[in-house]
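Engineer:
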Ligand code: GDP
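Numbering (the numbering used here), first residue to last: 115 to 368.
1. Do the CB positions of residue 293 and residue 128 come within less than 8 Å of each other?
2. When burial is assigned at 16 or more other CB atoms within 10 Å of the CB, is residue 181 buried or exposed?
3. Indicate the three-state DSSP secondary structure (helix, strand or coil) for residue 164 in the structure shown.
4. Who are the Cβ neighbours of residue 132 in its own chain at under 6 Å, not counting the five residues just before and after it?
5. If I'm right that residue 163 touches residue 215 with Cβ under 8 Å, what's the distance once you round it to whole angstroms?
6. Indicate whether the contact test is met: 3 or more Cβ pairs, each with one atom in the region 154–162 and one in the region 301–319, closer than 8 Å.
7. Less than 8 Å separating the beta-carbons of residue 197 and residue 290?
8. With a threshold of 7 Å (Cβ to nearest heavy atom), would residue 292 be considered close to the ligand GDP?
9. When burial is assigned at 16 or more other CB atoms within 10 Å of the CB, is residue 203 buried or exposed?
10. Assign residue 124 to one of three DSSP states: helix, strand, or coil.
11. What separation, rounded to the nearest whole angstrom, lies between the Cα atoms of residue 137 and residue 333?
12. DSSP has residue 232 in a bridge; who is on the other side?
13. Of all the beta strand (DSSP E) runs that stay within the bounds of the region 256–285, which reach a length of 3 or more residues?
14. Give me the Cα-Cα distance between residue 156 and residue 277, rounded to the nearest whole angstrom.
15. Excluding five sequence neighbours on each side, which residues of the same chain lie with their C-beta closer than 8 Å to the C-beta of residue 323?
16. For the ligand GDP, any of its heavy atoms closer than 7 Å to the Cβ of residue 210?
Following this line, the structure appears as structure tokens:
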């Protein structure tokens, strides 16, 4: 109740974004793409290697202790867990918590099956509007992370799927290591970041809260942009748009 009269607009928008994230509630769990709901809400997928800090990050963003806990309970680890976000009676976005990959103890057949489900989800799910990729800041991109990025890359390049990469557990790095982690991630992401792609990377710590407000605002802005884009066809000028598809940027431009 002690907010100063001169609350900045940045603070206000962070607060609105956090409130939006806080509204996240469990919706449904699916072990196959066919079990996902046919809603027309945009989806934001949370993906990352097992132990990258994904559950902790999702809980931190939602400011809830156990929201993403279901993903870790036996039997639910290899499911896509969907959360509804936005007004109670009319969610505007779904968060899709995808199973962590690369966990050594998972039997090979199950691992392959899951990689396929994830690849399918990322490459084909029409509702997918954004992806939050969790990379342990001390490990950087592993071959599996790069593989996963490739599944979704065409849709990232076209701007259809936005991407933010969180370099997690950043509290474990000193300033110099943090800068190195950022630079290394930017090198991996560079080839994916040409216009019209929306690609960013940020240091993140659920422990220190570094990056939490920014990421909440990014996701909130994605949801708003999606809503606005959907509303636009009512505007005749916007509906006409012959210039909707800019020429694909030539490979190797970076
Ligand atoms: P997931 O398998 O990707 O869901 O990873 P978890 O969220 O379960 O986190 C894996 C481990 O990393 C746990 O021991 C967490 O306590 C730890 N962890 C997660 N986020 C942070 C963080 O921001 N800072 C630190 N120091 N540890 C973290």
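We put the beta carbon where it would ideally sit given N, CA and C, even for glycine.
Because the structure is a prediction, the values reported are computed rather than measured.
Structural biologist: Put simply:
1. Taking 8 Å as the cut-off, the beta carbon of residue 293 is found no closer than this to the beta carbon of residue 128.
2. By the 10 Å Cβ count, residue 181 comes out buried.
3. Reduced to three states, the DSSP call for residue 164 is coil.
4. Closer than 6 Å at the Cβ level, and outside the excluded window around residue 132, lie 330.
5. Confirmed, about 6 Å.
6. Judged by Cβ distances under 8 Å, the region 154–162 makes no contact with the region 301–319, as fewer than three pairs qualify.
7. Going by C-beta atoms, residue 197 is not nearer than 8 Å to residue 290.
8. False, no ligand heavy atom lies under 7 Å from that Cβ.
9. The residue in question, residue 203, is exposed, as its Cβ has fewer than 16 Cβ neighbours within 10 Å.
10. Helix at residue 124.
11. Going from the Cα of residue 137 to the Cα of residue 333 covers about 13 Å.
12. Answer by DSSP bridge pairing: none, since residue 232 is not bridged.
13. The qualifying runs are 276–282.
14. Between the alpha carbons of residue 156 and residue 277 lies a gap of roughly 14 Å.
15. Sequence-distant partners of residue 323 (beyond 5 residues in either direction) whose C-beta falls short of 8 Å from its own C-beta, in its chain, are 174.
16. Answer for residue 210: no, Cβ out of range of the ligand GDP.
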